Each structure stands twice: as C-alpha cells, then as structure tokens.
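*Asks:* Shown below is the structure under consideration.
Residue numbers (the UniProt record's numbering), protein chains in the order written: chain R, 1 to 305; chain Y, 1 to 116.
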C-alpha cells in the first residue's frame, strides 16, 4: 500500500470540505455586514466554529422521508450530488496537483452536465409539487446555460491552444491575462457560473416567494446538509476555475482571484434582485448565445491571423 | 493510482455522510401529518407526479441540438494548435455562421420565447 498516494489523494478533498464550511461562515458574515447586523459571533472565538456546530446540529436532526416518496433515490440523491461536485475538484488547476487531465476542460463540462441528475433525482423522488417544479426549473436553467459555457471554453481553448487547466493557467504567466482580450467573454462566464450554480439573481430553484425552497423542500437534517455542501463546493470550484482561466499564471494570484470570485458570489447575492424566469431564458438563448457566437468568430479570426 | 484512490475516497465520504446522518438522526414516531409532503399546511391536493409545461421539454430538445454543435466545434480549437490556415479560419467561421443562421431561424419561428 502506497501511503503517500493515499494521503495525497485524500488531502485535497478534506481541504475542500473545510473550505466549504468556512465559506458558509464567510457568506453569513458578509451578508451580515451588508445588512448592518452582526452575524454569527457566539460559537468559540468570533463564531469561527459556527460551521462545525451547524453541521453537527444538522446531522443530528430528524431525517423525514415523506409518504409515497421513492425512498432509495430520496436517500441517495444528496450523496450523488456531493460525489459529483467533489469529483470536480480532481482538476484543480495547480501545478502541484497529482492528477493532470489533458482534456480537463471537457471533464469540467461533463461534471457540470452530470450534476443535473442529482437535482432531478431529489426533485422527483420527494413526491412534492414544489420540489418537482424546482427540479424542472433547475434542469432547464443549467441545461441552457451550458451552451454559452461551451462557447466560452471554445474561446479560451482557442486562445491558449490546450485543454488542460494547468496549461491554460501557465499560458498567462507573463501577466497577459485572458481577462484583457476576453473581457466580454468573462462577463458572460460570470453570468453562466451564477446560473449553473443556481445562485442569487438566478435562484429560481429556490425562489422563496414561489417555490418555498425548490428541489430540497422535503429534505431535513443531514440530507439538506449534504446537498448544501455539494452546492457550495461547486461554487468554490467554479470560482477557482474562473480565476485560473482568466487571471492565471502565478499560483498565488490564482488563489487571490479565487477569493475575489468567491466573495463576488456573496456580494451579488446580497445586492441584486431576482430576475423573472422567462427573462432568464431569453437572456440565455437570445443575448448570451448571440454574444458568444460573435465572440467566437472574432477569436477564430484573431487567433487564425 | 492517485485518481482511482481519489474516486474511492469521494465515494467513501459520500457513503459516510449518508450513513452518519441516517444513524445519528433523531428517531421519533412518524405520524400522517408529519410525513405528508409539504403544501402550505394543506392536505396535498392531487398527485405530485403531475405533468409539467412542454416548454421545458422543448428547451431540452434545443439544448441537444446546440450541444452537439459545441461538441463539433471543439476539434477546431485543437486544429488551430497544430496549424493555422486560411481554409481553417474560413471553415470554422462558416460553421459558426451556420449556427448563427440556425439560431436566428429558431428566434424568428418563436421557439425561443418562453411565454406564448
């Protein structure tokens, strides 16, 4: 048994789980600052251990399976979501990573597509109208925003010439960030990431005024906690990826911009109102897709010449 | 090696979490009110496995078309890495133009409009 390999393969995921915990604390603190209140400040010193006490509480709460729910999928769906979003962390874009994916971009697209299945399972299995509607909305939304995302990857890959996230990051080593030539593409990418992770201005999945809590209404206690971890780890993954794709090069810089993007997700949640669902779909299919097609033509011509 | 171990570890973590909350969670008696699906305090009306709007299905169909096109586009990026040519630029721009015309046709036909 190669213990070094075991440790090397375990540590990143432990780090991710810890990061998710502290990211939830960060989100609550920033939201509290923006709303001029205190936020969690009692558990241990300044509320630093709040995420762990929350996790402990949620794991000990009662887990109710509603009547006539499909019990198997209902229990498995959170685990599936967590597994998919953790597997995305296999391609974190650092040179110190132990596994290098030559076609990492394509693996990222696959993982974002497959993550729809967890939502579908949980929404269908819990035998509630709200959760079914929330799941259907989530699926349609993340499906449609995958297409502009594909075009964004096309632009970035065309500029760097490789599909590997580490190489894309290294390509920008001379401080020539892809953000400079591709700033429009980066704006579209931010919108896509907000929509893919079902975050604030596009959170129709859990629009509280319409759908109570979306596909996870029926989940209580531990199931909800696991889904929550999955959601936040995919947010962190997408902010790492956007830092590596548009502000890559130096690894310290990638880390810094990853934090900037992670805070951006929170600040957007605190400051922007929710869109309407049909406007979201129109935004994707008519505006973003046209912008990305035009940008792709421009990039093809510029790179080719 | 590392990749296989990582996948195994992820699976173990997920099973562990699930098993943990199934074991740790508080067990109380279940009654009919508590187990019924949430519906604003009412008795659930009708079945939850109800039909939903056909729009969502149409979006899925459109997605399949455009996603296949994205997949067809990806090799172009690799092609430019190995050799740039006028023919390459023209063919990929032509492909993107065809996509644009297709999108415009969908838009004019009204299949992109959510309401209506």
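The beta carbon of each residue, even a glycine, is placed where N, CA and C say it ideally should be.
A quick note: this is a predicted structure, and the numbers were derived from the prediction, not measured.
In its own chain, which residues sit with a C-beta less than 6 angstroms from the C-beta of residue 158 of chain R, not counting the 5 before and 5 after it?
*Replies:* Only 299, 303 meet the Cβ criterion.
*Asks:* Excluding sequence positions up to five away, which residues of its chain have a Cβ less than 7 angstroms from the Cβ of residue 56 of chain R?
*Replies:* Here the set comprises nothing.
*Asks:* Which residues, in chain order, does the region 16–33 of chain Y contribute to contact with chain R at a C-beta distance below 8 angstroms?
*Replies:* Here the close residues are 17, 18, 20, 21, 22, 24, 25, 26, 27, 28, 30, 32.
*Asks:* What is the rounded straight-line gap between the Cα of residue 306 of chain R and the Cα of residue 277 of chain R?
*Replies:* Nothing in the structure corresponds to residue 306 of chain R, since chain R is present only between 1 and 305.
*Asks:* Sort R:85, R:68, R:18, R:39 by Cα distance to residue 14 of chain Y and report the nearest one.
*Replies:* Of R:85, R:68, R:18, R:39, the residue nearest in Cα terms is R:85.
*Asks:* DSSP three-state call for residue 65 of chain R: helix, strand or coil?
*Replies:* Correct three-state label for residue 65 of chain R: coil.
*Asks:* Give the interface partners of residue 96 of chain Y over in chain R, defined as CB-CB distance under 8 angstroms, in chain order.
*Replies:* Going along chain R in sequence order, the residues near residue 96 of chain Y (Cβ under 8 angstroms) are 293, 296, 297, 300.
*Asks:* I want to know whether the region 43–56 of chain R touches the region 253–260 of chain R - three or more CB-CB distances under 8 angstroms.
*Replies:* Flag = no, the region 43–56 of chain R and the region 253–260 of chain R do not touch.
*Asks:* Just to confirm the assignment, what range does the alpha helix (DSSP H) spanning residue 7 of chain R have?
*Replies:* Run containing residue 7 of chain R: 3–34, per the alpha helix (DSSP H) assignment.
*Asks:* With a threshold of 16 other CB atoms inside 10 Å of the CB of residue 67 of chain R, please say whether the residue is buried or exposed.
*Replies:* So residue 67 of chain R counts as exposed.
*Asks:* Is there a C-beta anywhere in chain Y that falls below 8 angstroms from the one on residue 112 of chain R?
*Replies:* Residue 112 of chain R does not count as touching chain Y.
*Asks:* Could you tell me whether any Cβ in chain Y is nearer than 8 angstroms to the Cβ of residue 281 of chain R?
*Replies:* It does: the Cβ of residue 281 of chain R has a partner Cβ on chain Y nearer than 8 angstroms.
*Asks:* Does the beta carbon of residue 10 of chain Y come closer than 8 angstroms to any beta carbon on chain R?
*Replies:* By this cut-off, residue 10 of chain Y is an interface position.
*Asks:* If contact means a Cβ-Cβ distance below 7 angstroms, which residues of the region 64–91 of chain Y contact chain R?
*Replies:* Residues 66, 67, 70, 73, 74, 77, 80, 81, 84, 88, 89.
*Asks:* Can you pull the chain Y residues whose beta carbon is under 7 angstroms from the beta carbon of residue 130 of chain R, in chain order?
*Replies:* Ordered by position in chain Y, the residues that pass the 7 angstroms Cβ test against residue 130 of chain R are 38.
*Asks:* Out of Y:55, Y:72, Y:17, point me to the one whose CA is closest to residue 113 of chain Y's CA.
*Replies:* Closest by alpha carbon: Y:55.
*Asks:* Roughly how many angstroms lie between the CA atoms of residue 103 of chain Y and residue 92 of chain Y, to the nearest whole one?
*Replies:* Whole-angstrom Cα-Cα distance: 17 angstroms.
*Asks:* What is the rounded straight-line gap between the Cα of residue 103 of chain R and the Cα of residue 283 of chain R?
*Replies:* Using only the alpha carbons, I get a separation of about 29 angstroms.
*Asks:* Output needed for residue 28 of chain R: all residues of its chain with C-beta closer than 7 angstroms, excluding positions within five of it in sequence on either side, in chain order.
*Replies:* Closer than 7 angstroms at Cβ, skipping near neighbours: 39, 40.
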